[in-house]
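Novice: Below is the structure I would like to discuss, written out as structure tokens.
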Amino acid sequence: MPALTCPTDSTSVSQPARRSLVLPGAAVLLASVLSACAPLSTSTDGAIATNVPKTSSSKGAVNPSSATLARVAPAVPRFRDPMAALQDELTEQAPLPEVEQQGVASWYGPGFHGRKTANGERYNQYDLTAAHPKFAFGTQLCVRNAANGKTVMVRVNDRGPFVKNRVIDLSKAAAEEIGMLGKGIKKVEIYKLQADDEDCPQALQDVVLQARN
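Everything in the sequence shown is counted per the numbering used here, starting at 6 for the first residue and increasing by one.
Next up, the structure:
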């Protein structure tokens, strides 16, 4: 195939040639030839320029080092499993206090209301008190219903119960606090408190919340 010779300017194509080119389909061929003959752009020093994009020099290139990447904090997911969060909270809490006694509790109410207790007080079924065979009068106890986890703090002011296999008698109000009024007897756990305690241990109350949820 003969080599393609490109015209140097617009006058290089003779008038007859121009007229002959304006034939059906010739216009497309002429456009292709002229585009192939278009001069390459040159740089100021005469070198032929290319269309390859320039890359940034090593001076300005950003190349984070491994030390920089190590300082970046890992991503933390926004959603967290509620059960996992609860487990973490329970792990961080103080351990449960030691159980002093376990067994069946009962309660006494209207038939004894107003009568003297073993320490000389008048029994009031609406106070948070209890009768216990051994703990000293005035001792504060935390009684926990083993069935539902509810707790109540009571003060010992009477002796009892006098029924076999029962460990404590609660006032009506105390029994109501831990949900044992219906059947009248429940299996409980007894924890001894300090004189300046104002409530059952927080750890026991957290167990109650977990049971309710």
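All C-beta atoms, glycine included, are put in the ideal place defined by N, C-alpha and C.
Tell me which residues share the same chain as residue 186 and place their Cβ nearer than 6 Å to its Cβ, disregarding the 5 neighbours each side in the sequence.
Specialist: Contacts found: 180.
Novice: Could you check where the alpha helix (DSSP H) with residue 181 kicks off and where it finishes?
Specialist: First-last of the alpha helix (DSSP H) with residue 181: 177–182.
Novice: Would you give the residue range spanned by the beta strand (DSSP E) that residue 131 belongs to?
Specialist: Per DSSP, residue 131 belongs to no beta strand (DSSP E) and is neither H nor E.
Novice: From this set, 151, 101, 154, 134, which residue's C-alpha is nearest residue 164's C-alpha?
Specialist: The candidate whose alpha carbon is nearest that of residue 164 is 134.
Novice: With burial defined as no fewer than 16 other Cβ atoms inside 10 Å of the residue's Cβ, what is the status of residue 160: buried or exposed?
Specialist: With 16 or more Cβ atoms within 10 Å of its Cβ, residue 160 is classed as buried.
Novice: In angstroms, rounded to a whole number, what distance separates the CA positions of residue 178 and residue 191?
Specialist: If you take the alpha carbons of residue 178 and residue 191, they lie about 15 Å apart.
Novice: Grab me the residues of residue 201's own chain with a C-beta within less than 6 Å of its C-beta, minus the 5 sequence neighbours each way, in chain order.
Specialist: Counting only Cβ-Cβ distances below 6 Å, and skipping sequence neighbours, we find nothing.
Novice: How do the stretch 106–124 and the stretch 134–145 stand: do at least 3 beta-carbon pairs fall below 8 Å, yes or no?
Specialist: These segments touch.
Novice: According to DSSP, is residue 187 helix, strand or coil?
Specialist: Correct three-state label for residue 187: coil.
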